[in-house]
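**Student:** Counting in the numbering used here, the sequence shown runs from 11 upward without gaps. Where a beta carbon is used, it is the ideal one built from N, C-alpha and C, also for glycine. Being a predicted model, the structure only gives us computed values, none of them experimental.
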Amino acid sequence: MSGKKLTLEEAKRLYPTEYAAAMAQGAHNERERWKGIEAVADDLGPGYEAMVQACKANGNCTGATLAQLALKQRQGQLAAQAAYLQRGGVPQP
11 MSGKKLTLEE
21 AKRLYPTEYA
31 AAMAQGAHNE
41 RERWKGIEAV
51 ADDLGPGYEA
61 MVQACKANGN
71 CTGATLAQLA
81 LKQRQGQLAA
91 QAAYLQRGGV
101 PQP
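#1: Please specify which runs of the alpha helix (DSSP H), each continuous and at least 4 residues long, are wholly inside the segment 36–99, giving them in chain order.
#2: Between which two residues does the alpha helix (DSSP H) carrying Leu18 extend?
#3: Pop quiz: Gly73 and Ala37 are said to be a contact at Cβ under 8 Å. What is the actual Cβ separation, rounded to whole angstroms?
#4: For the putative contact between Ala67 and Tyr58, defined by C-beta atoms under 8 Å, what is the C-beta separation to the nearest angstrom?
#5: Short of 6 Å in beta carbon distance, which residues of its chain neighbour Asn39, apart from the five on each side in sequence? Order them along the chain.
#6: Compute the Euclidean distance between the alpha carbons of Leu95 and Gly86, then round it to the nearest angstrom.
#7: With 16 as the cutoff for other CB atoms within 10 Å, does Leu54 come out buried or exposed?
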């Protein structure tokens with residue numbers, strides 16, 4: 011094959027079976043990605059809706075990514091609460 015790349019329309023026309031299989035696999039992968047995100051979202055509970063929606067909108071974000079982001083956010087919140095308590099419950103100026 012020469013170095014010429016096929017356009018999407020050419021690929022559909024020349025390789026309809028392979029194209030359909032690739033589209034089906036892509037759809038399957040996307041459904042699985044969303045299932046992972048939904049499972050993590052269920053575990054996180056309320057308060058993470060914006061993070062979940064952003065993860066769904068980002069084509070590279072998975073359930074594992076969402077879990078890592080939520081953990082980092084929780085760790086930051088816990089650190090802020092610990093600092094607050096170490097100051098004797100006095101708000102930081």
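**Tutor:** According to the structure data:
#1: 59–67, 73–96
#2: For the purposes of this step, residue 18 is identified with residue 8 of the sequence shown, where counting begins at 1. Where Leu18 is concerned, the enclosing alpha helix (DSSP H) stretches over 18–24.
#3: Walking along the sequence shown from the start, residue 73 turns up at place 63. Walking along the sequence shown from the start, residue 37 turns up at place 27. About 18 Å separates the two Cβ atoms, so there is no contact after all.
#4: Reading the sequence shown from its first residue, position 57 is the one you call residue 67. Reading the sequence shown from its first residue, position 48 is the one you call residue 58. Wrong, their Cβ atoms sit about 14 Å apart, outside the cutoff.
#5: Taking the sequence shown and counting its residues from 1, the one referred to as residue 39 is at position 29. Nothing meets the Cβ criterion.
#6: Indexing the sequence shown from 1 puts residue 95 at position 85. Indexing the sequence shown from 1 puts residue 86 at position 76. Rounded to the nearest angstrom, the two C-alpha atoms are 14 Å apart.
#7: On the sequence shown, residue 54 is found 44 positions in, with the first residue counted as 1. By the 10 Å Cβ count, Leu54 comes out buried.
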